[in-house]
Amino acid sequence: MSGIYREVLGSAFDRLRPELRDYFSLPVGAVGTGTGTFARAGCPRPALRPLMRAVPLRGAFFGDYGEQVPFSIENRAHRDAAGRPALTAVRTFRFPSATRIFEDTTTLVAPGRLQDALGTGRRLVTGLALSPRADGALVMDSFGAALHLGPVRVPLPGPVGASARVVQWWDAASGRFRISAEVRQRQLGTVFVYDGAFDYAVG
């Protein structure tokens, strides 16, 4: 297995920049780590921060917000309990007043189909669509959000759910990876962001 992203994109995977192809080719059993700084991270709207703090997802969204926030990321490729290839990413945000974790696990649930589960309990799940951009960046869009409450799956209708877009690319000028993420809710607008640059290595 050469990585779940290559499995889903097929020949389109080769349209990514070489650095991104390496990043997204983590085989089962491998670990990649990185460190960097987010120019901005968290909930950008003060009025919404109490609401974000109340979201009952441990290891996912939070109400903090800051600029020039140091962070680290650990990507671990593994197999889930059903034997399916998966990638768990743990991002650690180091705000001046607190350290926050944002974790998600992306799983190849069927040929050509990715599912992303957020938080340490993996209760909020979405589909994940991948699109290589003309400049070699990778765009990742969530869709079809649902809550897993024990054995029950509860789809979140459009007016209630939120969607996320993550763009990752290689900045040749700085020799670093860049990433930009935005979570939008239909009624509330942008509720969560992170945007920054980082160094990364496998092993």
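Under the working numbering, the first residue of the sequence shown carries the number 12, and numbering increases by one thereafter. Cβ atoms here follow ideal geometry from the backbone N, Cα and C, with glycine treated the same way.
Distance from THR44 to GLN79 at the Cβ level is roughly 21 angstroms; contact not present, criterion being Cβ atoms closer than 8 angstroms. Per the coordinates, the alpha-carbon of LEU20 lies some 11 angstroms from the alpha-carbon of PHE35. Close CB contacts of ASP91 within its chain, under the 7 angstroms cut and outside five residues either way in sequence, are with ALA97 and THR118 (chain order). Three or more Cβ pairs closer than 8 angstroms define a contact, and the stretch 188-199 meets that threshold against the stretch 157-177.
Secondary structure within the stretch 96-150: the beta strand (DSSP E) runs of 3 or more consecutive residues, fully enclosed, are 96-105, 110-121, 124-129 and 135-143 (chain order). ARG176 is positioned such that its CB atom lies closer than 8 angstroms to that of VAL150. Exposed is the label assigned to ARG64, since fewer than 16 other Cβ atoms lie within 10 Å of its Cβ. Excluding residues up to 5 positions away in sequence, PRO81 lie with their Cβ nearer than 6 angstroms to the Cβ of ARG105 in the same chain. When DSSP reads this structure, GLU193 sits in a beta bridge with ARG176 and VAL204. Excluding its 5 nearest sequence neighbours in each direction, VAL39 has C-beta neighbours in its own chain below 8 angstroms: MET12, ALA88, HIS89, ARG90 and PRO96, listed in chain order.
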